[in-house]
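Participant: Under numbering that gives the first Met the number 0, the first residue of the sequence shown is numbered 0, with each subsequent residue one higher. Don't be surprised by glycine CBs; every beta carbon is placed ideally from N, CA and C.
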Amino acid sequence: MRQSQLFTKTQKNAPKDEMSVNAQFLIRGGFINKELAGVYSFLPLGFRVMKKIEQVIREEMDAIGGQEIFMPSLQPKDNWEKTGRWSAMDDLYKLKDAGNREFALGPTHEEIVVPLVKKHIQSHKDIPFAVYQIQNKFRMELRAKSGLLRGREFLMKDLYSFHANEKDLDAYYEKAKTAYWKIFERAGLKEKTYFTFASGGTFSRYSHEFQTLSEAGEDTIYICEKCKNAVNKEIKHETPKCPVCGENKFKEEKAIEVGNIFKLMDKFAKPFDLKVTDSDGREKNLIMGCYGIGLSRLAGTIVEVHHDEKGIVWPESVAPFKVHLIEVKSQKSKVKSEAEKLYEGLLNNGIEVLYDDRDESSAGEKFADADLIGIPWRVVVSEKSVAAGGAEIKKRSENKKEIIAINKLVDYLSKK
Ligand code: ATP
Ligand code: MG
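#1: Less than 6 Å between C-beta atoms, sequence neighbours within five positions excluded: which residues of the same chain meet that for D109?
#2: Can you tell me whether G293 sits near the ligand ATP, meaning its C-beta is under 6 Å from at least one heavy atom of the ligand?
#3: Quick check: does the Cβ of M155 come within less than 6 Å of any heavy atom belonging to the ligand ATP?
#4: Determine contact between the stretch 351 to 369 and the stretch 383 to 391, defined as no fewer than three beta-carbon pairs at a distance below 8 Å.
#5: What residues in its chain sit with their C-beta under 6 Å from that of S329, if we drop five residues either side in the sequence?
#6: Looking at the ligand ATP, does it come within less than 6 Å of G344, judged from the CB to the closest heavy atom?
#7: In this structure, does DSSP put T7 in helix, strand or coil?
#8: Determine the direct distance from the alpha carbon of V55 to that of V116, and round the result to whole angstroms.
#9: Taking only runs of the beta strand (DSSP E) that begin and end inside the stretch 238 to 277, which ones reach a length of at least 3 residues, in chain order?
#10: If you drop the 5 nearest sequence neighbours on each side, which residues of the same chain put their C-beta closer than 7 Å to that of L42?
#11: For V275, collect the residues of the same chain with a Cβ closer than 8 Å to its Cβ; drop the 5 residues on either side in sequence, then sort them by chain order.
#12: Is H207 helix, strand or coil when you go by DSSP?
#13: Does any heavy atom of the ligand ATP sit closer than 6 Å to the C-beta of G258?
#14: Nearest by alpha-carbon distance to T107: which of E101, G98, M88 is it?
#15: Can you tell me where the alpha helix (DSSP H) holding F366 begins and where it ends?
#16: Strictly by DSSP, which residues pair up with Y354?
#17: What residue does the alpha helix (DSSP H) around V304 start on, and which one ends it?
#18: Which of the three DSSP states, helix, strand or coil, is assigned to R377?
#19: Just tell me which of Y131, E326, L44, H305 has its CA closest to the CA of E397.
#20: Of all the options D277, D368, V322, which has the alpha carbon lying nearest to the alpha carbon of E308?
#21: Under DSSP, the alpha helix (DSSP H) around F24 begins and ends at which residues?
#22: Just curious, the beta strand (DSSP E) that P75 is in, first and last residue?
#23: Using the Cβ count rule (16 or more neighbours within 10 Å means buried), how would you classify N347?
#24: For K136 and G105, which I take to be in contact (beta-carbon distance under 8 Å), what is that distance rounded to the nearest angstrom?
#25: Beta strand (DSSP E) containing E152: first to last residue?
#26: Return helix, strand or coil for L212, following the three-state DSSP convention.
#27: Kindly indicate the opening and closing residues of the beta strand (DSSP E) around V113.
#28: May I ask you to report which of helix, strand or coil DSSP gives S122?
#29: Where does L42 sit, in a helix, a strand or coil, going by DSSP?
#30: At the level of alpha carbons, what is the spacing between F196 and L263?
#31: Look up D169 in the DSSP assignment and give the residues it is bridged to.
#32: With a cut-off of 8 Å on the beta carbons, I'd call Q66 and V130 a contact; round off their distance for me.
#33: Could you check if G65 belongs to the surroundings of the ligand ATP, using beta carbon to heavy atom distance under 6 Å?
#34: Would you mind sorting S213 into buried or exposed? The rule is 16 or more other CB atoms within 10 Å of its CB.
#35: Three or more beta-carbon pairs under 8 Å between the stretch 319 to 328 and the stretch 371 to 382, yes or no?
#36: Give a single yes or no on whether R27 has its beta carbon closer than 6 Å to a heavy atom of the ligand ATP.
Dropping the structure here:
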């Protein structure tokens with residue numbers, strides 16, 4: 000894409016009402032726009048990042064047999080009354096239409112997915128299976144001041160699995176865990192992410208969170224010095240020893256909860272009477288697992304973890320483009336023609352490129368924008384680089400610069 004045509008502009012200064020690093024850089028870079036506290040629009044650069052994250056998550060969910068669906072945000076009150084959550088859930092957005100009918104704006108989707116599954120499942124032969132969606136959630140968050148980390152409307156992947164017995168649920172739970180690690184690895188967060196025991200809520204003793212170390216985090220976790228699993232502060236007094244290895248030496252850290260997985264058992268099958276006939280002819284409630292990841296929170300977390308004082312340093316897997324090609328304005332027409340040639344070459348070879356072809360911007364402005372936007376490879380075509388035999392190439396994450404012949408660059412970047 001040509002940057003001259005990108006309708007968003009970068010901003011020099013961070014908005015005064017945004018305290019978090021992720022919101023400051025994402026707004027300054029033109030990735031997102033704040034509509035109200037906790038509600039953001041995604042602009043071309045930001046939406047490309049979200050699509051990349053979505054694709055990583057989709058591939059890993061498909062790999063564990065997840066079937067993708069899409070459920071509504073507008074949900075009938077009846078379903079929420081059946082589970083008791085119409086009155087029990089503090090952060091539920093409720094609304095009334097002109098005919099006085101009441102609805103919930105979905106904060107999660109058990110109330111839709113369980114009755115939906117019930118219409119299609121008859122016998123034990125129909126299970127196990129898992130469905131997931133990538134969809135906006137609504138929660139009345141009181142403190143929405145951490146940018147994408149805590150939205151009132153935010154994007155989540157929610158997977159629900161259905162099983163005949165606990166053994167089967169346990170086996171799937173392990174698979175989901177592995178898929179989650181792959182996602183965090185691909186998103187550049189694995190090294191800083193800890194598997195964390197948290198309160199289980201329902202019947203199982205614990206739920207499990209994936210917590211990424213960051214000063215911006217609202218959670219406090221205790222990492223076991225021996226086995227590197229962690230315990231959330233909220234249950235630490237009940238769990239003085241590590242639940243995995245029994246050690247009692249921990250390191251306290253601040254962290255962001257990027258994912259959460261639960262064994263729901265029959266908590267939701269019960270109110271909706273979701274049963275199947277077992278092989279011995281008896282009817283039994285299904286049991287369930289649920290597995291969430293906030294995509295927008297993940298994007299915010301990536302920025303919190305991967306930035307320097309100048310801007311974002313996107314991991315390549317989720318970057319809006321792979322290459323930021325910069326043409327430094329020159330009197331010599333050769334510079335423009337070489338940059339254009341390179342742009343065409345990259346496009347023709349399927350390499351995603353943002354081409355800073357703006358005539359009105361100085362080299363300094365272009366470099367500052369490139370650092371702020373954080374695309375992994377910066378390629379500069381200038382009088383100097385052309386005289387030195389090509390274009391100057393530099394990784395956003397490194398200081399080393401190199402000149403590579405223009406006709407070799409496409410090949411070079413294809414292999415990276
Ligand atoms: P938190 O304790 O941070 O409020 P939660 O326990 O309410 O999170 P879940 O209901 O388990 O979160 O949701 C699954 C995932 O959705 C979370 O792990 C997180 O990644 C994301 N998430 C939850 N609430 C928000 C929010 N307000 N904004 C952005 N992402 C969120
Ligand atoms: Mg919450």
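Facilitator: Put simply:
#1: In the sequence shown, counting from the first residue as 1, residue 109 sits at position 110. Going by the sequence as given, residue 109 is Glu instead of Asp. Closer than 6 Å at the Cβ level, and outside the excluded window around E109, lie F267.
#2: As a first step, residue 293 must be located in the sequence shown, where it is residue number 294. Yes, the ligand ATP has a heavy atom inside 6 Å of this Cβ.
#3: Residue numbering aside, residue 155 sits at position 156 when the sequence shown is read from its first letter. Yes; taking the cut-off as 6 Å, the Cβ of M155 has a heavy atom of the ligand ATP nearer than that.
#4: Not touching, per the Cβ criterion.
#5: For the purposes of this step, residue 329 is identified with residue 330 of the sequence shown, where counting begins at 1. Shown here for S329: same chain residues with a beta carbon closer than 6 Å to its own, the five before and five after excluded, namely E382 in chain order.
#6: Indexing the sequence shown from 1 puts residue 344 at position 345. No.
#7: For the purposes of this step, residue 7 is identified with residue 8 of the sequence shown, where counting begins at 1. Of the three classes helix, strand and coil, the one that applies to T7 here is coil, per DSSP.
#8: For this step, residue 116 is matched to residue 117 along the sequence shown. For this step, residue 55 is matched to residue 56 along the sequence shown. Cα to Cα, V116 sits roughly 26 Å from V55.
#9: 249 to 264, 274 to 276
#10: Residue mapping note: residue 42 aligns to position 43 of the sequence shown, counting from 1. Excluding sequence neighbours, L42 sits near T7, G29, F30, I31, N32.
#11: Position 276 of the sequence shown, counted from the start, is the residue given in the question as residue 275. Counting only Cβ-Cβ distances below 8 Å, and skipping sequence neighbours, we find I120, Q121, S122, H123, D125, I126, A163, E282, K283, L285.
#12: As a first step, residue 207 must be located in the sequence shown, where it is residue number 208. Correct three-state label for H207: strand.
#13: Against the sequence shown, residue 258 aligns to sequence position 259. Answer for G258: yes, Cβ within range of the ligand ATP.
#14: Position 108 of the sequence shown holds residue 107. Comparing Cα-Cα distances from T107 to each of E101, G98, M88, the minimum goes to M88.
#15: Working through the sequence shown from its first residue, we reach residue 366 at position 367. Run containing F366: 362 to 372, per the alpha helix (DSSP H) assignment.
#16: Position 355 of the sequence shown, counting from 1, holds the residue named residue 354. Answer by DSSP bridge pairing, in chain order: R1, L324.
#17: Reading the sequence shown from its first residue, position 305 is the one you call residue 304. 294 to 304 is the span of the alpha helix (DSSP H), which, as asked, contains V304.
#18: Here residue 377 corresponds to residue number 378 of the sequence shown, with the count starting at 1. Strand at R377.
#19: Reading the sequence shown from its first residue, position 398 is the one you call residue 397. Closest option to E397, Cα to Cα, is H305.
#20: Position 309 of the sequence shown, counting from 1, holds the residue named residue 308. Comparing Cα-Cα distances from E308 to each of D277, D368, V322, the minimum goes to D368.
#21: Here the question's residue 24 lines up with position 25 in the sequence shown. First-last of the alpha helix (DSSP H) with F24: 20 to 27.
#22: For the purposes of this step, residue 75 is taken as residue 76 along the sequence shown, with counting starting at 1. Here the beta strand (DSSP E) through P75 covers 73 to 75.
#23: Here residue 347 corresponds to residue number 348 of the sequence shown, with the count starting at 1. By the neighbour-count rule (16 or more Cβ atoms within 10 Å), N347 is not buried but exposed.
#24: Looking up residue 136 in the sequence shown gives position 137. Looking up residue 105 in the sequence shown gives position 106. A Cβ-Cβ separation of about 6 Å places K136 in contact with G105 under the 8 Å criterion.
#25: Here residue 152 is taken as the residue at index 153 of the sequence shown, counted from 1. Segment 152 to 162, the beta strand (DSSP E) holding E152.
#26: For the purposes of this step, residue 212 is taken as residue 213 along the sequence shown, with counting starting at 1. Strand.
#27: Locating residue 113 in the sequence shown gives position 114, where the first residue counts as 1. Segment 109 to 117 is the alpha helix (DSSP H) holding V113; no beta strand (DSSP E) there.
#28: Mapped onto the sequence shown, residue 122 falls at position 123. Here S122 sits in strand by DSSP.
#29: In the sequence shown, the residue the question calls residue 42 occupies position 43. Coil.
#30: Translated into the one-based positions of the sequence shown, residue 196 becomes position 197. Translated into the one-based positions of the sequence shown, residue 263 becomes position 264. Roughly 15 Å between the two C-alpha positions.
#31: Taking the sequence shown and counting its residues from 1, the one referred to as residue 169 is at position 170. Answer is none; D169 lacks a bridge partner.
#32: As a position in the sequence shown, residue 66 is number 67, starting the count at 1. As a position in the sequence shown, residue 130 is number 131, starting the count at 1. That pair is a contact at about 5 Å.
#33: Here residue 65 is taken as the residue at index 66 of the sequence shown, counted from 1. No, the Cβ of G65 stays beyond 6 Å of every heavy atom of the ligand ATP.
#34: Position 214 of the sequence shown, counting from 1, holds the residue named residue 213. Buried, by the Cβ-count rule.
#35: yes
#36: To locate residue 27, count along the sequence shown from 1; it is residue 28. No.
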